[in-house]
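Colleague: The numbering of the sequence shown is the working numbering, which starts it at -1 and goes up by one.
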Amino acid sequence: MKRRWTIKKHDREEVAKLSDSLKVSPIVAALLITRGYETEESAYKFLNPSYSDLHEPNLLKGMKEAVARVLKAVENGEKILIWGDYDVDGTTGTVVLRKALEILGAKTGFHIPHRFTEGYGLNKEHLEIAKNKDYSLVISVDTGTRSFEPLAWAKENSLDVIVTDHHLSDEVRGNPDCVAMVNPNQTDCEYPDKNLAGVGVAFKLAHALLREKGREKIVEGFLKVVAIGTIADVMKLTGENRAIVSIGLKDLPKAHNYGLRALMEVAECSSEMTSYHIGFRIAPRINAAGRMDAARHVVELFEAESFEKARELAEYLNSKNRERQRVQIDILEKALLEYVANGGSAKQAHFAVVAGDGWHRGVIGLAASKISEKLHRPSIVISLENGIGHGSARSISNYHLLNGLDSCPELFEQYGGHAAAAGMTIKRENIDKLREKLNEHAANNLSEEDLMPQIKVDALVSSQSLSLDLVEELKQFEPFGMGNPKPVFVTRNLQLSHEPFVMKDKHLRLKLRDDKGKQFEAVWWDGVEQSKEQTLKPQTRIELAYTPEANTWNNNTRLQLVVRDLKSS
């Protein structure tokens, strides 16, 4: 698929000025400016994240009321139930809050809903079970902001609830009635950073509680787990999140928690820890619990009292992740065949809608993401069972998914979401009409350019500037992630010096040289498919879009260019 390159322009004077004041290279200065850190003060703060960047917990609306009610429960020996969502954000937040309350001497239990039998959010059935087990206070983590009916039942039955969450409030109904709502994204909350993950909000409550009891010195140690949930929930790694993740990642290799150590062992990332290791090794194994089975195993892992038990649970999550990978590959293949069977790009030129009987509901969201990425179209993957479909949708950058669903609300049993992702239930007989309506809506809201993947290039870089020293300099921008992606450069006037070498039938290794004979190695993941429209032969002159990285093999570290795209020049 052809891609359009957008190359950022730089003001040389501004770059030179920032480079000089910070004593960094012009490339680093240019990257800082394009990411919005134009002044010496803001750039320095970005390059040096610290614990002091964390905001005061009491700036969160509802925090003082929440702290007062929790401390009252601790003092009176009341039973407190932590109710966490089933994803990584919710389970890690549950672990954080449970540990903080244990330190304070609280009596606690926890409940993680089952994705398929209970679904998302608080529910009356399990609140009633909690009430019957003599719990008098429930604290939600990463959920609850729109749980109006369950919270109304809780109030009527004298069960106090504190909601900690980060999801958007209902614009019409506002907040449900509860003891305290702690959510930076609720109306009238003046908290300075709206990008906290659910685990981040739970951490803020833990911080405030521990400080109230003179235990603030231990607060920083919680950031290891908070960092995992923040990266896994794909939150922006800017502002406060950048400090949380940066500190947490540095501390992770020194973790004493049996569960963390066991998880890092099975994920084979014990010695070094970056946002990549969390996002692609740790988080998928934690998420697999909720996708394929019961997410409560994650809390049990982090609370394991021996390394042997932790290792057993970590191996279990590892096996669930392998199962998830197999199921995901199977459903993705079926979904793409279904897309073609339903007219492919001829009938679904702007929006892909696919459905299948018995597709595993735990991975349909992942399949939708892969289809959107592959086709560069918004997509919905629907799992059908007894005539009812449960769907998961993902979008592309210039299409507001929820607006699309709002254009045909009569077709759904229920639906919800935001610009980038959504979920829904729908009757089988309405799926064809949904496909037609969404393609019509997307056609009216997407241009041909929108349907072409975009590569945002940070800078043009000469081949003579490329070295391991540059890679080392770029480490100052870590942790990379949403809101702070790895830099992409373009270098012109390169030449293929050999035929591309195919790895595992999918990837390409390229040997390149510049006009002065300087040689480079490049790797193009999924390059076989990505280069279908290209002719790659020795002596072909190219422009390369890539990210420079260090590749270490057998204790030998070399520069490697990770290809994003290339053009014949």
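Every residue, glycine too, gets a C-beta built ideally from N, C-alpha and C. As the structure is a prediction and not an experimental result, all values here were calculated from the model.
(1) If you draw a straight line from the alpha carbon of Tyr118 to that of Gly363, how long is it in whole angstroms?
(2) Please state whether the Cβ-Cβ distance between Pro148 and Asn183 is less than 7 Å.
(3) Assign Val139 to one of two classes, buried (16 or more other C-beta atoms within 10 Å of its C-beta) or exposed (fewer than that).
(4) Hey, Ile229 and Ala281 are a contact pair by Cβ (cut 8 Å); roughly how many whole angstroms apart?
(5) Helix, strand or coil for Pro55, going by three-state DSSP, please let me know.
(6) Since Leu207 and Val65 are thought to touch, with beta carbons under 8 Å apart, how far apart are those beta carbons, to the nearest angstrom?
(7) If we ignore side chains and look at the alpha-carbon of each, how far apart do Val500 and Lys454 end up?
(8) I need the DSSP call for Ala28, collapsed to helix, strand or coil.
(9) Could you check the C-alpha separation between Ala180 and Glu12 for me, to the nearest Å?
(10) Leaving aside the five residues before and after Val571 along the sequence, list all residues of the same chain whose C-beta is less than 7 Å from its C-beta, in chain order.
(11) Can you tell me the Cα-Cα spacing of Lys99 and Lys105, whole angstroms?
(12) If distances are taken between C-alpha atoms only, which option among Gly525, Val526, Tyr274 and Lys509 comes closest to Phe518?
(13) Apart from the five residues just before and just after Lys484, which ones in its own chain have a Cβ nearer than 7 Å to its Cβ?
(14) Secondary structure at Val569, three-state DSSP: helix, strand or coil?
(15) Out of Arg359, Lys372 and Gly356, which one is the CA nearest neighbour of Ala350?
(16) At the level of alpha carbons, what is the spacing between Ser566 and Asn491?
(17) If I measure Cβ to Cβ from Tyr35 and keep anything under 7 Å in the same chain, skipping five residues before and after, which residues do I get?
(18) To the nearest angstrom, how far is it from the Cα of His109 to the Cα of Val26?
(19) For Cys187, which residues from the same chain have a beta carbon less than 6 Å from its beta carbon, with the 5 sequence-adjacent residues on both sides left out?
(20) Let me confirm a value: Lys97 is counted as buried when at least 16 other C-beta atoms fall within 10 Å, else exposed. Which label applies?
(21) With DSSP run on the structure shown, which of helix, strand or coil describes Asp328?
(22) Tell whether a beta-carbon distance below 7 Å holds between Lys504 and Val488.
(23) In whole angstroms, give me the CA-to-CA distance for Ser390 and Gly82.
(24) Report yes if the C-beta distance between Thr236 and Gly481 is below 7 Å; otherwise report no.
(25) Alpha carbon to alpha carbon, how far is Ala312 from Val264?
(26) Just list the beta strand (DSSP E) runs in the region 129 to 194, keeping only unbroken ones of 3 residues or longer that don't cross its boundaries, in chain order.
(27) Which residue from Thr272, Val243, Ala195 and Asp231 puts its Cα closest to that of Glu218?
(28) Might you give, ordered along the chain, the residues of its own chain that have their beta carbon closer than 7 Å to the beta carbon of Val232, omitting 5 neighbours on each side?
(29) Quick check: what's the CA-CA separation for Ser23 versus Trp551?
(30) Looking at Val159: is its Cβ nearer than 7 Å to the Cβ of Val136?
(31) Measure the beta-carbon distance from Ile78 to Ala71 and round it to whole angstroms, keeping in mind my assumption that it falls under 8 Å.
(32) What's the gap between the Cα of Gln462 and the Cα of Leu444?
(33) Select from Glu39, Pro451, Leu203 and Thr32 the residue whose C-alpha is nearest the C-alpha of Trp3.
(34) For Gly103 and Cys406, I'd like the C-alpha separation in whole angstroms.
(35) For the alpha helix (DSSP H) that Lys435 lies in, which residues bound it at each end?
(36) What do you get for Ala344, buried or exposed, if any count of 16 or more other CB atoms within 10 angstroms of its CB means buried?
Modeller: Considering the structure as presented:
(1) Against the sequence shown, residue 118 aligns to sequence position 120. Against the sequence shown, residue 363 aligns to sequence position 365. In a straight line, the C-alpha of Tyr118 is about 14 Å away from that of Gly363.
(2) Along the sequence shown, read from residue 1 onward, the residue named residue 148 stands at position 150. Along the sequence shown, read from residue 1 onward, the residue named residue 183 stands at position 185. No, the pair does not count as a contact, with Cβ atoms beyond the cut-off.
(3) Taking the first residue of the sequence shown as 1, we reach residue 139 at position 141. Burial call: buried.
(4) Along the sequence shown, read from residue 1 onward, the residue named residue 229 stands at position 231. Along the sequence shown, read from residue 1 onward, the residue named residue 281 stands at position 283. About 7 Å; that satisfies the 8 Å criterion.
(5) Start at 1 with the first residue of the sequence shown, and residue 55 comes out as number 57. Three-state DSSP puts Pro55 in a helix.
(6) Taking the first residue of the sequence shown as 1, we reach residue 207 at position 209. Taking the first residue of the sequence shown as 1, we reach residue 65 at position 67. That belief holds up - the Cβ atoms of Leu207 and Val65 are roughly 6 Å apart, short of 8 Å.
(7) Position 502 of the sequence shown, counted from the first residue, corresponds to residue 500. Position 456 of the sequence shown, counted from the first residue, corresponds to residue 454. Linking Val500 to Lys454 through their CA atoms gives a straight-line distance of about 27 Å.
(8) Numbered from its first residue, the sequence shown carries residue 28 at position 30. Annotated three-state conformation of Ala28 is helix, per DSSP.
(9) Here residue 180 is taken as the residue at index 182 of the sequence shown, counted from 1. Here residue 12 is taken as the residue at index 14 of the sequence shown, counted from 1. The identity of residue 180 in the sequence shown is Val, whereas the question assumes Ala. C-alpha separation (whole angstroms): 41 Å.
(10) The chain is shown only over -1 to 567; residue 571 falls outside these bounds and no answer can be derived.
(11) Position 101 of the sequence shown, counted from the first residue, corresponds to residue 99. Position 107 of the sequence shown, counted from the first residue, corresponds to residue 105. Residue identity check: residue 99 is Leu in the sequence provided, not Lys. In a straight line, the C-alpha of Leu99 is about 8 Å away from that of Lys105.
(12) Mapped onto the sequence shown, residue 518 falls at position 520. For the residues Gly525, Val526, Tyr274 and Lys509, the minimum Cα distance to Phe518 belongs to Lys509.
(13) Reading the sequence shown from its first residue, position 486 is the one you call residue 484. The answer, listed in chain order, is Phe478 and Thr545.
(14) This structure cannot speak to residue 569, because the chain is shown only from -1 to 567.
(15) Position 352 of the sequence shown, counted from the start, is the residue given in the question as residue 350. Answer by Cα proximity: Lys372.
(16) Your numbering for residue 566 matches position 568 in the sequence shown. Your numbering for residue 491 matches position 493 in the sequence shown. Roughly 10 Å between the two C-alpha positions.
(17) Position 37 of the sequence shown, counting from 1, holds the residue named residue 35. Cβ neighbours of Tyr35 beyond the five flanking positions: Ala41 and Phe44.
(18) Taking the sequence shown and counting its residues from 1, one reaches residue 109 at position 111. Taking the sequence shown and counting its residues from 1, one reaches residue 26 at position 28. Our two residues, His109 and Val26, have alpha carbons roughly 46 Å apart in a direct line.
(19) For the purposes of this step, residue 187 is taken as the residue at position 189 of the sequence shown. Here the set comprises Lys59.
(20) Indexing the sequence shown from 1 puts residue 97 at position 99. So Lys97 counts as buried.
(21) Position 330 of the sequence shown, counted from the first residue, corresponds to residue 328. Asp328: helix per DSSP, three-state reduction.
(22) Indexing the sequence shown from 1 puts residue 504 at position 506. Indexing the sequence shown from 1 puts residue 488 at position 490. With contacts defined by Cβ atoms closer than 7 Å, Lys504 and Val488 do not form a contacting pair.
(23) Taking the sequence shown and counting its residues from 1, one reaches residue 390 at position 392. Taking the sequence shown and counting its residues from 1, one reaches residue 82 at position 84. Using only the alpha carbons, I get a separation of about 21 Å.
(24) The sequence position of residue 236 within the sequence shown is 238, counting from 1. The sequence position of residue 481 within the sequence shown is 483, counting from 1. Contact: yes.
(25) Here residue 312 refers to the residue found at position 314 of the sequence shown. Here residue 264 refers to the residue found at position 266 of the sequence shown. Distance between the alpha carbons of Ala312 and Val264 is about 7 Å.
(26) Counting only runs of 3 or more, we get 133 to 139, 158 to 162 and 178 to 180.
(27) Within the sequence shown, numbered from 1, the residue matching residue 218 stands at position 220. The candidate whose alpha carbon is nearest that of Glu218 is Val243.
(28) On the sequence shown, position 234 is the one that residue 232 refers to. Met480, listed in sequence order.
(29) The residue you call residue 23 lines up with position 25 of the sequence shown. The residue you call residue 551 lines up with position 553 of the sequence shown. Their Cα atoms are separated by approximately 28 Å.
(30) In the sequence shown, residue 159 corresponds to position 161, counting from 1. In the sequence shown, residue 136 corresponds to position 138, counting from 1. Yes, they are a contact pair.
(31) Taking the sequence shown and counting its residues from 1, one reaches residue 78 at position 80. Taking the sequence shown and counting its residues from 1, one reaches residue 71 at position 73. Taking C-beta atoms under 8 Å as the contact rule, Ile78 and Ala71 qualify, at a distance of about 5 Å.
(32) Taking the first residue of the sequence shown as 1, we reach residue 462 at position 464. Taking the first residue of the sequence shown as 1, we reach residue 444 at position 446. Here the alpha carbon of Gln462 sits roughly 40 Å from the alpha carbon of Leu444.
(33) Sequence index remark: in the sequence shown, residue 3 carries index 5 (1-based). Nearest C-alpha to Trp3: Pro451.
(34) Your numbering for residue 103 matches position 105 in the sequence shown. Your numbering for residue 406 matches position 408 in the sequence shown. For Gly103 and Cys406, the distance between alpha carbons rounds to 52 Å.
(35) Position 437 of the sequence shown, counting from 1, holds the residue named residue 435. Segment Ile429 to Asn443, the alpha helix (DSSP H) holding Lys435.
(36) Stepping through the sequence shown from its first residue, residue 344 is reached at position 346. Classification of Ala344: exposed, given that the 10 Å Cβ count is below 16.
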